[in-house]
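There are 2 protein chains.
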Amino acid sequence: MKRIVATGTFDLLHPGHLYYLEQSRRLGDELHVIVARDVNVKHKPRPIIPEEQRLRIVRGLRPVDHARLGDIADMFQPIREIQPAVITIGYDQHFSEAALERELQKRGLDVEVVRVGAYEGDPYCSSRVIVQQILERYRCAEQDQHR
Amino acid sequence: MKRIVATGTFDLLHPGHLYYLEQSRRLGDELHVIVARDVNVKHKPRPIIPEEQRLRIVRGLRPVDHARLGDIADMFQPIREIQPAVITIGYDQHFSEAALERELQKRGLDVEVVRVGAYEGDPYCSSRVIVQQILERYRCAEQDQHR
Numbered sequence: 171m172k173r174i175v176a177t178g179t180f181d182l183l184h185p186g187h188l189y190y191l192e193q194s195r196r197l198g199d200e201l202h203v204i205v206a207r208d209v210n211v212k213h214k215p216r217p218i219i220p221e222e223q224r225l226r227i228v229r230g231l232r233p234v235d236h237a238r239l240g241d242i243a244d245m246f247q248p249i250r251e252i253q254p255a256v257i258t259i260g261y262d263q264h265f266s267e268a269a270l271e272r273e274l275q276k277r278g279l280d281v282e283v284v285r286v287g288a289y290e291g292d293p294y295c296s297s298r299v300i301v302q303q304i305l306e307r308y309r310c311a312e313q314d315q316h317r
Numbered sequence: 171m172k173r174i175v176a177t178g179t180f181d182l183l184h185p186g187h188l189y190y191l192e193q194s195r196r197l198g199d200e201l202h203v204i205v206a207r208d209v210n211v212k213h214k215p216r217p218i219i220p221e222e223q224r225l226r227i228v229r230g231l232r233p234v235d236h237a238r239l240g241d242i243a244d245m246f247q248p249i250r251e252i253q254p255a256v257i258t259i260g261y262d263q264h265f266s267e268a269a270l271e272r273e274l275q276k277r278g279l280d281v282e283v284v285r286v287g288a289y290e291g292d293p294y295c296s297s298r299v300i301v302q303q304i305l306e307r308y309r310c311a312e313q314d315q316h317r
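Sequences listed follow chains U and D, in order. Residue 317 is where the first sequence ends in the working numbering, and the numbering goes up by one at each step. Residue 317 is where the second sequence ends in the working numbering, and the numbering goes up by one at each step.
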């Protein structure tokens, strides 16, 4: 049983998310998804949709076998529990494969890190772009994206 | 083989959509979803997400066996092709079960219409509420919802 872990915020769901999860699922036998906690999203605007609701949607997606919220204090705790063979990261996720593998090895976790490529098929494949589309539709000047 | 048809816009996906599809799927053996065409959405603001992208997301949901876009000119055409035993409508969809069954019968389509109840589990279970949440987050006065 080759377990794969995928992670993300999955705020306003789009086909880029689905592609990332489908590609991740193909790398093994069982896909576990770790959904980012609201309080742990710090490198981009906080999610529009609360964590429990984001988790519910991810659980409804066909490629997903198991999904859970991340650990607030220690991002490696779910990895210790799941013991995956592979962790996938999305094309736009902000850490390097090599650095993440080193952090895993330091903790005795022998996991391969694989980056999944970008999905190009649809126009609104980013939560930020969907938000901008809504603000433009309602003729709203965009103020302080990071509030 | 008992086929079920569910319909909707599925603009900004939320757990209410998922609940409606899961409940619909349980009524038969195969769930066919008809996703509203952009040009046919007239009773509420036009969708944020284009039809092809909305279709792609619906196809990624676990309860969905088949999904297609609606017919622009004749909403009954996909029903003739699918020949379902049941059509489900969501708790907030704007037609009556009896009126829809009569329209189907006029066209020789013997289909039961079943309304699925509301889902109460999450706070942002409406595309409109998600849009409002985004506008509030960015401190934007909401102007002319129906543009």
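The beta carbon of each residue, even a glycine, is placed where N, CA and C say it ideally should be. No experiment lies behind these values; they were computed from the predicted model shown.
Cβ-based burial, residue i [other Cβ within 10 Å; buried from 16]
i, result
"Ile176/U", "A quick correction: the sequence has Ala, not Ile, at residue 176/U. Burial call: buried."
"His184/D", "buried"
"Phe180/U", "buried"
"Gly260/D", "buried"
"Ile300/U", "buried"
"Ser194/U", "buried"
"Pro254/D", "buried"
"Glu221/U", "buried"
"Ile204/D", "buried"
"Gly291/D", "exposed"
"Val281/D", "buried"
"Ser297/D", "buried"
"Arg226/D", "buried"
"Arg317/U", "Unreliable placement is indicated for Arg317/U, whose pLDDT of 43 sits below 50; no coordinate value is reported for it."
"Val209/U", "exposed"
"Ala288/D", "exposed"
"Gly278/U", "exposed"
"Ala318/U", "The requested residue 318/U does not occur in the structure, where chain U is confined to residues 171 to 317."
"Ala269/D", "exposed"
"Ile249/U", "buried"
"Ile318/D", "The structure shown has nothing for residue 318/D, since chain D only spans 171 to 317."
Contact with chain U by residue i, beta-carbon distance below 8 Å
i, result
"Arg196/D", "no"
"Ile174/D", "no"
"Gln303/D", "yes"
"Asp199/D", "no"
"Asp181/D", "no"
"Arg226/D", "yes"
"Thr177/D", "no"
"Glu222/D", "yes"
"Asp292/D", "yes"
"Ile300/D", "yes"
"Ile249/D", "no"
"Ile218/D", "yes"
"Leu188/D", "yes"
Integer Cβ distance of residue i from residue j, believed to fall under 8 Å
i, j, result
"Leu188/D", "Leu231/D", "7 Å"
"Pro293/U", "Gln223/D", "7 Å"
"Val256/U", "Gly198/U", "6 Å"
"His202/D", "Arg229/D", "Contact flag wrong, Cβ pair sits at about 11 Å."
"Tyr308/U", "Cys310/D", "6 Å"
"Glu267/U", "Val286/U", "Incorrect: roughly 11 Å between the Cβ atoms, too far for contact."
Neighbour flag for residue i against chain D, beta carbons, 8 Å
i, result
"Tyr308/U", "yes"
"Gly230/U", "yes"
"Pro185/U", "yes"
"Asp241/U", "no"
"His316/U", "Here the model assigns His316/U a pLDDT of 46, short of 50, so the residue's position is not dependable, and the following value carries that caveat. Judged by the 8 Å Cβ criterion, His316/U is not in contact with chain D."
"Leu270/U", "no"
"Leu279/U", "no"
Identified DSSP bridge partners for residue i
i, result
"Leu239/U", "Val205/U"
"Gly178/U", "Val205/U"
"Arg173/U", "Glu200/U"
"Leu231/U", "Leu231/D"
Any non-hydrogen atom of the ligand HEM closer than 7 Å to residue i Cβ
i, result
"Asp244/D", "Here there are no bound small molecules, and the ligand HEM is not part of this structure."
Subject >> Unbroken stretches of the alpha helix (DSSP H), 4 residues or longer, contained in the segment 205–229 of chain U >> reply: Qualifying alpha helix (DSSP H) stretches, in chain order: 221–229.
Subject >> Ranges of the beta strand (DSSP E) found wholly within the segment 240–285 of chain U, counting only runs of at least 3 >> reply: For the beta strand (DSSP E) assignment, the uninterrupted runs of no fewer than 3 residues enclosed by the segment 240–285 of chain U are, from N- to C-terminal side, 256–259 and 282–285.
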